[in-house]
Ligand code: BT5
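The following block contains the structure:
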């Protein structure tokens, strides 16, 4: 489904069955995680939501698919950022109910906020690549997804600061666990924001 303007593609997708895709030129209330805003002027980004079957690894799976679709050396920052030359190119937001998972992907094309990155690509071409990569990676075995995530990761091996609800953890990002959690100096982190130090 294609729309000119929506509040958020996530809101439209929420009402649709598994397999649906919503793409919009503009969002009046695009969102990130934890009530943050996702900004992009009309017609300057790929803004899409895919309705998929719930899966605990989905956030990482969608990240892998999006990085593969972008190509050009795009890398992943745990849990859900797409990075180009170390700057944020896009993000993934998964909102799940027991019966479906709404996977939102935003990728900057014609515009990016200060300090962020954009990709020189056509929106519909990128959307088509994303559909193909999502089909491929959502049907891959978890071990295969995790292995590819590790290869694409810009987070593993780095000294990081993790802002957890109520505390801060600093250490080396050693690995991701079987459920997609980030292991920092032996401690498994499931939610939070990571700063590469
Ligand atoms: C994300 O959240 O990175 C997930 C973004 C998902 C956006 C898509 S667009 C289609 C679908 N519909 C929606 O409403 N959302 C999804 P988070 O990790 O919380 O990052 C949000 C932060 O990124 C903000 O607080 C800003 O600092 C920054 N930011 C906002 N807009 C940006 C942009 N266009 N490019 C780079 N960074 C941005």
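Numbering (our numbering), first residue to last: 4 to 200. Note that the Cβ used here is the ideal one computed from N, Cα and C, for glycine as well.
Between the C-alpha atoms of residue 169 and residue 98, what's the straight-line distance to the nearest angstrom? Translated into the one-based positions of the chain shown, residue 169 becomes position 166. Translated into the one-based positions of the chain shown, residue 98 becomes position 95. Just so you know, the alpha carbons of residue 169 and residue 98 end up roughly 22 angstroms apart.
Taking only heavy atoms of ligand 1 into account, decide whether any of them is closer than 7 angstroms to the Cβ of residue 7. Looking up residue 7 in the chain shown gives position 4. No, the beta carbon of residue 7 sits no closer than 7 angstroms to any heavy atom of ligand 1.
How far does the alpha helix (DSSP H) with residue 146 in it extend, from its first residue to its last? The residue you call residue 146 lines up with position 143 of the chain shown. Counted as a single uninterrupted DSSP element, the alpha helix (DSSP H) harbouring residue 146 occupies residues 145–155.
State the start and end residues of the unbroken beta strand (DSSP E) segment that holds residue 196. As a first step, residue 196 must be located in the chain shown, where it is residue number 193. Note, residue 196: beta strand (DSSP E), 196–199.
So what's residue 16 in DSSP terms, helix, strand or just coil? In the chain shown, residue 16 corresponds to position 13, counting from 1. DSSP places residue 16 in helix when its eight states are reduced to three.
Residue 56 and residue 96 - do their beta-carbons sit closer together than 8 angstroms? Looking up residue 96 in the chain shown gives position 93. Looking up residue 56 in the chain shown gives position 53. Using a Cβ distance threshold of 8 angstroms, residue 96 and residue 56 do not count as a contacting pair.
Which of helix, strand or coil does DSSP assign to residue 208? Residue 208 lies beyond the range of the chain shown here (4 to 200); nothing can be said about it.
Reduced DSSP secondary structure (H/G/I, E/B, other) of residue 129: For the purposes of this step, residue 129 is taken as the residue at position 126 of the chain shown. In the structure shown, the three-state DSSP call for residue 129 is helix.
Straight-line Cα distance separating residue 54 from residue 7: Against the chain shown, residue 7 aligns to sequence position 4. Against the chain shown, residue 54 aligns to sequence position 51. Inter-residue distance for residue 7 and residue 54 is about 19 angstroms (C-alpha atoms, whole angstroms).
Touching or not, the region 188–196 and the region 98–114, by the rule of three or more beta carbon pairs under 8 angstroms? By the Cβ rule, the region 188–196 does not count as touching the region 98–114, because fewer than three pairs are nearer than 8 angstroms.
Taking only heavy atoms of ligand 1 into account, decide whether any of them is closer than 7 angstroms to the Cβ of residue 12. As a first step, residue 12 must be located in the chain shown, where it is residue number 9. At least one heavy atom of ligand 1 lies less than 7 angstroms from the C-beta of residue 12.
State the DSSP-derived secondary structure class of residue 66, mapped to helix, strand or coil. Taking the first residue of the chain shown as position 1, residue 66 is located at position 63. Three-state DSSP puts residue 66 in a helix.
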